[in-house]
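Just so it is clear: in the sequence shown, position 520 is 1295 by our numbering, and no numbers are missing. All C-beta atoms in this analysis are idealised placements derived from N, C-alpha and C, irrespective of residue type, glycine included. Here's the structure, in structure tokens; my notes come after.
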Amino acid sequence: MFPATPIASDYQPTAAQLQVLQTASEFAYQIWESRTISCQTFLRSYPLNQTLTRQQIDDLIQDYTLDDNYQLADEAQVMSGLRHLRMLLMMRWIWQDALGVIKLEQLTDELSEFADGCILFAKDYTYQHLITKYGQPTFIDVKGKRQIDDMAIMAMGKLGAHELNLSSDIDLIFVHQARGETDGDKSKGTRSIDNKRFMTRLGQGIIKLLDNCTADGFVFRVDMRLRPWGDGSDLAIHLSALEKYFTQHGRAWERFAWLKARVVGQITPVFYSELQALIKPFVFRYYVDYSAFSALREMKSLIQNQVAQREDLDNIKLGAGGIRDIEFVVQAYQLIYGGRYPQLQVKACLQALQALYELNYLERITYEQLQAAYRFLRRLEHAIQAINDQQTQRLPHDPHWQHNLAMTLGFEDWNGLLTKLNDHRHNVNVPFERMVTERQVPAQEDTTLEPADINEQIAQLDAILNEENRAQLQRFWDSKMVTNLSDEARARLNAAYPVIVHALLAHQEQHLANTALPRLITLLEAICRRSIYLVMLAENPNATTALIPMLSASPWIANELARYPVLLDSFLQQRYRHLPDKPELRDILRQRLLRVEPDDEEELLSVLRLFKKNQVLAVAASDVLAERPIMKVSDSLTYIAAVVLEAALERAFAELVKRYGYPIAQDGDPVTEADCGFAIIGYGKLGGLELSYSSDLDLVFLHKIKEQGMTTGENSVSGMKFAARLAQKLMTYLNTQTRDGRAYEVDMRLRPSGNAGMMVVSCHAFETYQLDKAWSWEHQALVRARAICGDKRVTARFHDIRRTVLSLPRTLDEVRVEVTAMRIKMQKHLGTSRKDQRAGKFHLKQDAGGIIDIEFLAQFAVLAYSHEYPSLTKWSDNVRIFEEVAQLGIWEEEVCQNLTDAYLRIRAATHQLALAEQSSSVDESLWVETRALVQNQWQHLMGVTSTEEK
């Protein structure tokens, strides 16, 4: 119900006030135009020159969620009522802000109070609905008494600090007290479920009421990605699990996030105390927290890298000198010193700035400049978002709205606004650059090898370059591209060139300059027009020197850097010295994805691709330096792919749930974020933990979703359609070609029935196909298959199916015939031609005595002996299969070790050839012994002559 207050005459704004609204906001003016009577009535009750109290906001929420009989409305009416109320309030807030009759703190406080009121209403509304079905959630406390389990809703970010802006999303985390179950009783028409499931549904209900976009719009976009483990984890976490997470897994950047955490509404004093006892020591350390400095440097570096990559001066939040930089300065001080000084344990940025000034951490001029910049930037942010009710911090490009924005903020023209903006940005950038600085000092070890004067250095470089390279370098300087550079870009190139010359001369004894120079010039041609990268070279002389051996050793690395200069920064920071493990990779990607708005698919694709390329490039650099054995290199490449797949699945699932609601699992309940009913299975190199630099991903998608059941959303689809669209969305995320390339090439041909089959199949259909229809080669492929990510119930079911299929009784002769036939067929189509064989060529992968022979021997062992030795089905990688075969005594230990050694030797060579961009077809004479060993074992173990002889 939408209340109408009885009035003598409707409120009528002046023509000047209406003009201000029309100038400031197309969105708000359309509301006024289309709902004039409602707006007049609303503004008579709540005039523009008055503020709103929390009680008034709560009364409004109550009024707009009643039906015509003044009873609490049904879900559809409640959702419609809340959205209409938001529309009217937004119209009022935008108008007040444009007229300048509301202070920044008052506006953000009212917005935050409205969010709190809506959240608490949605929680209570959903809770009452759930307890009629399941009873109340309960747990046994430490005294053995049964207690009611409550859920605290933690407001994070701007909402936590009461700083919500006009079009903010709200970052939430749901925390409940303990494991347990509801007190449902079948005799009373309720059924008992565990607390985790109850709290998940409570969370889902809250999100649906506020976030779902209907014909009336939305109330608030809800973002749950800050919860422990992020997307794909349980929607609600209990206290003991939160404590364990903080202790064992909490990262420094999460301390930033929890710094602003606030409980929405009231919970029991005991619960509140338990929560604070976990959060406070996680965020604040009593002593000055020097351990935070390295993490802060990393976070600052991430901010600077994103600014460099974007060169995005239009973004007043993320651009240099923007809102994020102010928040970083303030929160860095809070994190380091907040444990010692409780005055710093405030959540609002302006309050924290004042505390820092009073504690003498900020000089008066810095304090005043940061405070003024924050107020200006937040006011500008509100004005930008007011135009079309969009969650953006980007300055408009349309001259009409540039003019209107300037007028709204009191400037004569757009240039006047930009001048003021740039002044504030400069004032922010100075203290930001001073924070946790780590200056690089150029190495001085080899100064005797080169003259100090740059002209002498250039002459020395000229002397060591060959004629072709001297000519190429001159052509670079004479090129139109260099001639047409802007003054700033040319100055940056001139500043970087002495560092480049120094780097080339530093390796003259190793004669690397002539190999590296053509590749370096290609890189320079790629980065000159985005000259910020030239600054990176100039400011990182040691890293630029280390770049030369990489360019010399690997044209693949050189080409990646030239094609994607955005990778250069990570490379110059030499992150390849430490290859992160899978949890670290997951955390790195999660941090980057948190900066992507939920509906920004273009930025999501960019982040996935650049993460993959950065990490793969680091592995390649480590490989070139010979710092990692081949097994570790492949493990790292496989971890990178797995983490990208996890993130893509989580994001794709969240997108579809937003659109269609949750599908129904085969047990009859809706699936959840943690148990999504879908899994990704990796075959081939991904399944066998053997990825290389340019490997594609062989994938199969499985589900345990009720195919005929309809999803829970307003715009519902069948479970089968949901699963198919999830698979399509995943393919889009991974396979789509963008300016940053593809994340991965995906090959789905190993799915049941190949290209003729469905994109995703149920576990039952997969099992039926494998047992009744699959060819022998498909069982061979299954040896190298494993679950990569997704619903644990689906992955466990796949594991059971795989073990059952591989353990089917087969005779040795039957397996030998099938495996040998497939091997001959493959070599015939993919092996070295007769002509190349006569020329002494050997293909490391496809020819007899190569990798495929060894892989087929491992697959033969699993298919032939798993019926008798089920433990053979445990592994999907060749090395551990051979270890298991030896341990079980099926083949002699020496035979297995020889095959493993040969396998690793050939794989290491293929990796090096890939980095050198050379073919896997090599000089046969270099591989005589290894090849003979493999061929002899093939003949011995398969009982037939080698495939080449046949």
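- Taken in chain order, the unbroken stretches of alpha helix (DSSP H) that lie wholly in the segment 1111-1158 and span 4 residues or more are 1124-1133.
- Distance from the CA of GLU885 to the CA of CYS1451, rounded to the nearest whole angstrom, comes to 37 angstroms.
- Of the residues ALA1531, THR1595, LYS1479 and GLN1612, the one whose Cα lies closest to the Cα of ILE1629 is THR1595.
- One thing to note: GLY1532 has its Cβ no nearer than 7 angstroms to the Cβ of PHE1453.
- Taking 8 angstroms as the upper bound for CB-CB distance, THR1685 and SER1700 are not in contact here, some 18 angstroms apart.
- Per DSSP, the continuous beta strand (DSSP E) segment holding ILE1455 begins and ends at 1453-1458.
- Counted as a single uninterrupted DSSP element, the stretch harbouring ILE968 is not any beta strand (DSSP E), since DSSP gives it neither H nor E.
- GLU1372 sits in coil when the DSSP states are folded into three classes, being neither helix nor strand.
- At a Cβ-Cβ threshold of 7 angstroms, HIS1024 and HIS951 do not count as neighbours.
- For SER1641, the secondary structure class from DSSP, reduced to helix, strand or coil, is coil.
- The three-state reading of DSSP puts GLU1553 in helix, counting H, G and I together.
- Annotation note: the segment 1577-1619 contains the following uninterrupted beta strand (DSSP E) runs of length 3 or greater, listed N- to C-terminal: 1616-1618.
- With at least 16 other beta carbons inside 10 angstroms of its own, HIS1554 counts as buried.
- Checking the DSSP bridge columns, you'll see THR1043 has no partner listed.
- Collapsing the DSSP output to three states places ALA1540 in a helix.
- Exclusion of the five residues before and after ALA1123 leaves ALA936, HIS937 and GLU938 as the residues of its chain whose Cβ lies within less than 7 angstroms of its Cβ.
- A straight-line Cα-Cα distance of about 11 angstroms links SER1608 and GLY1615.
- Assignment of beta-bridge partners to LEU1248 by DSSP yields no partner.
- PHE1617 is a Cβ neighbour of TRP1702, given a cutoff of 7 angstroms.
- In the DSSP annotation of this structure, the continuous segment of the beta strand (DSSP E) that includes MET931 starts and ends at 926-931.
- Under the three-pair Cβ rule at 8 angstroms, the segment 892-908 does not count as touching the segment 1180-1200.
- Contact check for THR1413 against LEU1466 passes: the beta carbons are separated by less than 7 angstroms.
- Contact between ALA1161 and ALA791 does not hold, since the beta-carbon distance rounds to 18 angstroms and is not under 8 angstroms.
- Annotation: the continuous alpha helix (DSSP H) that includes GLY1494 extends over 1494-1510.
- Using a 10 angstroms sphere on the CB of TYR1437, the tally of other CB atoms reaches 16 or more, which defines it as buried.
- Burial check for LEU1690: the Cβ neighbour count within 10 Å reaches 16 or more, so the residue is buried.
- Around the beta carbon of GLY955, 16 or more other beta carbons sit within 10 angstroms, so the residue counts as buried.
- The alpha-carbon of SER1641 is positioned some 46 angstroms away from that of PHE1346.
- In the structure shown, GLU1314 adopts helical secondary structure according to DSSP, grouped into three states.
- At a Cβ-Cβ threshold of 7 angstroms, ARG976 and ASP986 do not count as neighbours.
- The segment 1458-1477 makes contact with the segment 1650-1660: 3 or more CB pairs, one atom from each, lie closer than 8 angstroms.
- Membership of HIS951 in the beta strand (DSSP E) is indicated by the continuous run 945-951.
- In the pairwise beta carbon analysis, the segment 1490-1506 is classified as not touching the segment 1358-1365: fewer than three pairs are separated by under 8 angstroms.
- With respect to the 7 angstroms criterion, THR1320 and ALA1278 are classified as neighbours on the basis of their beta carbons.
- Judged by their CB atoms, ALA927 and ARG1037 are not nearer to each other than the 7 angstroms cut-off.
- In this structure, VAL1408 is the residue among ARG1384, VAL1408, ARG1305 and ALA1127 with its C-alpha nearest to the C-alpha of HIS1353.
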